[in-house]
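Engineer: I have a structure here, written as structure tokens, and I will follow up with some questions on it.
In the numbering used here, the protein residues as written are -5 to 135.
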């Protein structure tokens, strides 16, 4: 008897679940899925880091970073850090116009790592160009 009532209860639950799913298919969707726009998926080209050359020594506490223009980029995202994993950021500029940036007030005798990527305003965040290879320089004491 207990087995029969458990079986009847289970079949009623499944029937309600099936009915609810059928009704849900005919309801308007509250948050429709966003369709991907292919025009927003074109990434800017990867930039090449030009100056200062990798592993070079820079005199003073100021340096001008230069990189190549990335085809399709409207602006650039620049990061400068004291570690190669970019955990300890010194500069994190998201909308740099042009292909150079002056960094001021660097500490003498430290290694700095830097990287840049091109970005377009109409790109979805997932479709930015990749960061360039990182480069590094050292400030002299």
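The beta-carbon is built from N, C-alpha and C at its ideal position, and this holds for glycine as well.
Does the stretch 69 to 88 touch the stretch 96 to 116, meaning 3 or more C-beta pairs lie closer than 8 Å?
Structural biologist: Short answer: they touch.
Engineer: For residue 81, does the three-state DSSP call read helix, strand or coil?
Structural biologist: It is coil, neither helix nor strand.
Engineer: Using three-state DSSP, classify residue 86 as helix, strand or coil.
Structural biologist: Strand, per DSSP.
Engineer: Tell whether a beta-carbon distance below 8 Å holds between residue 60 and residue 94.
Structural biologist: Yes, they are a contact pair.
Engineer: Helix, strand or coil: how does DSSP classify residue 58 here?
Structural biologist: Three-state DSSP puts residue 58 in a strand.
Engineer: Going by DSSP in three states, residue 116 sits in which element: helix, strand or coil?
Structural biologist: Of the three classes helix, strand and coil, the one that applies to residue 116 here is coil, per DSSP.
Engineer: In the DSSP assignment, find the beta strand (DSSP E) that holds residue 53 and state where it starts and stops.
Structural biologist: Counting along the chain, residue 53 falls outside any beta strand (DSSP E), and DSSP gives it neither H nor E.
Engineer: Hey, residue 146 and residue 97 are a contact pair by Cβ (cut 8 Å); roughly how many whole angstroms apart?
Structural biologist: Absent from the model: residue 146. The displayed extent of the chain is -5 to 135, so no value can be given.
Engineer: So, for residue 76: in the same chain, excluding its five sequence neighbours on each side, which residues have a beta-carbon less than 8 Å away from its beta-carbon?
Structural biologist: Same-chain partners within the cutoff: 82, 84, 104, 105, 106, 107.
Engineer: Just verifying my parser: in three-state terms, what is the DSSP assignment at residue 74?
Structural biologist: Three-state result, residue 74: strand.
Engineer: Leaving aside the five residues before and after residue 48 along the sequence, list all residues of the same chain whose C-beta is less than 8 Å from its C-beta, in chain order.
Structural biologist: Answer for residue 48: 129, 130, 131, listed in chain order.
Engineer: Is residue 37 helix, strand or coil when you go by DSSP?
Structural biologist: DSSP places residue 37 in coil when its eight states are reduced to three.
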